[in-house]
Amino acid sequence: MFEIFASLQAAWALVNGADPALARIVALSLELSLAAALLGAAIGLPLGALVAVGRFPGRRAVIVALNALLGLPSVVVGLLVYLMLSRAGPLGSWGLLFTPTAIVMAQSLLVAPIVAALARQTCEDAWRDYEEQLTSLGVSRARAVPTLLWDARYSLLTTVLAGFGRAASEVGAVMIVGGNIDGVTRVMTTAIALETSKGDLPLALALGFVLILVVLVVNAAAYGLREWSVRRHG
Amino acid sequence: MDVTLPRRRLCFGLAAALVAASSLITTSTLAQPTFITIASTTSTEQSGLFKEMLPAFTKATGIEPRVVALGTGQALDMGRRGDADVVFVHDQVAEEKFVADGFGVQRLEVMYNDFVIVGPRVDPAKARGKDVLEGLRRIAAARAPFASRADKSGTHAAELRYWQAAGIDLGKEKGPWYRETGSGMGPTLNTASGLNAYALADRGTWLAFKNRGDLDIVVEGDQRLFNQYGVMLVNPAKHPHVKKDAGQKFVDWVVSPAGQSVIAAYSIGGQQLFFPNAKPRAEPARR
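Chains A and B supply the protein sequences, listed in that same order. So for the first sequence, this note's numbering puts the first residue at 19; every next one is plus one. So for the second sequence, this note's numbering puts the first residue at 109; every next one is plus one.
Quick look at the structure:
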């Protein structure tokens with residue numbers, strides 16, 4: 019118990035001290051996780067909505083698969099991306115292994131299924147409410163997709179935030195494809211893993227508190243944006 | 109109900125997301141000086157040696173070294189796949205095989221430190237002393253908990269050699285007392301600290317390790333605990349994209365008097381961690 023308290027104090031000191039190395043790590047974490055959340059949303063939202071309104075053979079199987087991908091093991095994704103990007107792999111000539119881009123690729127692969135699975139559920143519920151109205155207007159299923167996504171935008175914001183959370187808290191895949199290189203691919207989670215390895219548990223936990231704070235700030239910002247938007251547009 | 113407006117807004121939103129995502133990625137990868145990727149071991153990174161050594165190298169050459177710290181087995185594998193320019197590890201047998209197989213150009217000895225056996229201060233197996241083999245025999249006989257790296261690292265390879273030399277057949281003796289953590293030196297020490305178990309560790313990582321709990325060094329000073337580090341350039345003939353010149357500069361610098369003195373100067377609490385022992389080179393750097 020005392021150790022946790024000491025870590026909280028250390029976290030406060032870290033935030034207050036504005037250590038440039040820590041600031042860089044926090045900024046990189048934020049940047050990469052936001053990029054991954056946006057990419058994952060760009061793929062996952064349309065995909066989820068299409069599955070929600072679509073009628074095609076194997077739809078049930080796709081839904082089950084999407085839901086199962088919620089539990090996609092990050093180490094597996096990390097290994098897959100590693101083997102693809104390794105010089106001995108198919109995309110080796112791109113030279114992307116151990117770069118921030120590689121991290122975003124792995125994170126997006128983890129985020130996209132989460133966004134797709136949750137968006138699918140949200141859009142399906144919205145479709146149930148609007149199906150009659152939209153069909154009577156002569157809107158095809160495919161053309162209803164943007165309407166549904168737009169209509170459910172506030173619920174979907176939470177979905178994207180869930181994706182951001184997954185990206186920001188990711189350690190296994192990020193360690194494998196990023197390599198935890200100081201100043202290049204070291205993010206909050208891998209820094210925490212490194213300090214844990216060094217046996218500096220209070221510092222590791224302090225970094226953990228800083229990460230939680232960052233995620234909290236992002237969520238607060240999203241909530242504020244939503245409130246502002248609701249008030250403005252209704 | 110207007111259905112075109114949302115579509116336009118949405119398409120705009122998705123496009124904006126893509127643009128934002130890609131600009132976030134590119135800003136973080138632009139403007140890099142020449143860099144090399146070094147596959148190395150957790151001991152060089154976690155002991156803090158690299159924090160001291162790499163800035164000196166960058167100052168001397170302008171090259172930015174990027175270190176990926178893994179176990180020796182994994183680091184060599186990285187070199188074999190062509191994902192590193194330089195490999196800096198500690199398992200002579202595996203390193204020589206790496207070079208013999210044509211993956212490395214030439215192995216040069218850089219420095220050494222030594223292994224120690226750490227264990228509970230009260231030493232329930234009575235393993236304390238100078239003889240590593242006798243210490244291991246007593247740990248096995250007492251069935252005292254022992255935490256093994258079990259990750260094909262240099263330290264793990266050394267541990268297996270010691271058990272064999274001690275005449276202990278792990279295949280037969282292995283039991284609940286022998287815990288295979290399958291992880292790096294730090295995590296293994298964390299496990300040992302939590303279980304109050306014995307473990308083989310390199311002195312550098314041990315000295316820098318903070319979560320010692322009740323652990324202390326029980327065996328040290330045996331000649332056989334010597335731990336040699338070697339450095340080698342990944343063979344550009346196998347992997348043409350290897351940064352040959354920049355990588356060779358690192359190899360040359362590490363074994364040069366300048367590099368060796370930085371290694372000698374690194375200490376924690378007044379204790380020197382690594383001892384440079386590069387051989388003065390008869391021939392100038394090849395190529």
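Cβ atoms here follow ideal geometry from the backbone N, Cα and C, with glycine treated the same way. Note that the structure is a prediction, hence the values are computed from the model and not measured.
Each residue's CA atom was taken as its position, placing R138(A) and L109(A) some 31 Å apart.
Here T208(A) has V189, V192, M193, G196, N198 as same chain residues with Cβ atoms under 8 Å from its own Cβ, once five neighbours each way along the sequence are excluded. Cβ neighbours of Q336(B) within its own chain (closer than 7 Å, five residues either side excluded): H198, Q200, E217, Y220. When L46(A), A55(A), I43(A), S47(A) are compared, the shortest CA-CA separation from L175(A) is found for A55(A).
If you check each beta-carbon in the stretch 342-355 of chain B against every beta-carbon of chain A, the ones closer than 8 Å belong to H347, H349. When the alpha-carbon of S291(B) is set against those of G170(B), G262(B), D191(B), F196(B), the nearest one is in G262(B). Assignment of beta-bridge partners to T149(B) by DSSP yields L178(B). Excluding the 5 residues flanking it on each side, E21(A) has same chain C-beta neighbours closer than 8 Å at L219, P220, L223, in chain order. DSSP places S364(B) in no beta strand (DSSP E); its state is neither H nor E. Around the beta-carbon of D259(B), 16 or more other beta-carbon atoms lie within 10 Å, marking it buried.
The residues G190, in chain order, have a CB closer than 7 Å to that of H347(B) in the same chain once the five nearest residues on each side in sequence are set aside. Taking a 10 Å sphere around the C-beta of W246(A), we find fewer than 16 other C-beta atoms and assign the residue as exposed. At a cut-off of 9 Å between beta-carbon atoms, P228(B) makes no contact with chain A. CA-to-CA, the gap between A249(B) and G243(B) works out to about 10 Å. In this structure, F182(A) and S25(A) do not form a Cβ contact; the two beta carbons are roughly 24 Å apart against a cut-off of 8 Å. Interface residue (Cβ-Cβ distance to chain B less than 9 Å): V235(A) is not classified as such. Residue pairing by DSSP places S256(B) opposite E288(B) in a beta bridge. Using a Cβ-Cβ cut-off of 7 Å, R189(B) is close to S104, R105, A106 of chain A, given in chain order. At a Cβ-Cβ threshold of 9 Å, V127(B) and G212(B) do not count as neighbours. Residue V69(A) holds the alpha-carbon nearest to the alpha-carbon of A135(A) among V69(A), A29(A), G96(A). Beta-bridge analysis with DSSP links M340(B) to V195(B). Chain order gives the chain B residues near L115(A) as D191, where near means a beta carbon separation below 7 Å. Its Cα nearest to that of A186(A), the residue M206(A) stands out among M206(A), P164(A), S104(A), L103(A). In the structure shown, the three-state DSSP call for D209(B) is coil.
Assignment of beta-bridge partners to S375(B) by DSSP yields Q380(B). Neighbourhood of F317(B) in chain A, by CB distance below 8 Å: K216, G217, in chain order.
In terms of CA proximity to L333(B), V224(B) leads the group A345(B), W314(B), V370(B), V224(B).
Listed along chain B, the residues sitting closer than 7 Å to I199(A) by beta-carbon distance are R174, V175, V176. N221(B) carries a strand assignment under DSSP once its states are collapsed to helix, strand and coil. Excluding the 5 residues flanking it on each side, L225(A) has same chain C-beta neighbours closer than 6 Å at A209, I210, in chain order.
Taking C-alpha positions only, L152(A) is separated from S158(A) by approximately 8 Å. For I132(A), the enclosing alpha helix (DSSP H) starts and ends at 118-154.
The Cβ atoms of V226(B) and V326(B) sit closer than 9 Å to each other.
The stretch 127-134 of chain A makes contact with the stretch 70-90 of chain A: 3 or more CB pairs, one atom from each, lie closer than 8 Å. If you ignore the 5 residues before and after V232(A), its C-beta comes within less than 8 Å of the C-beta of V44, S47, L48, A186, M206, all in its own chain and listed in chain order.
Closest in alpha carbon position to V93(A), among V71(A), L127(A), S51(A), is L127(A).
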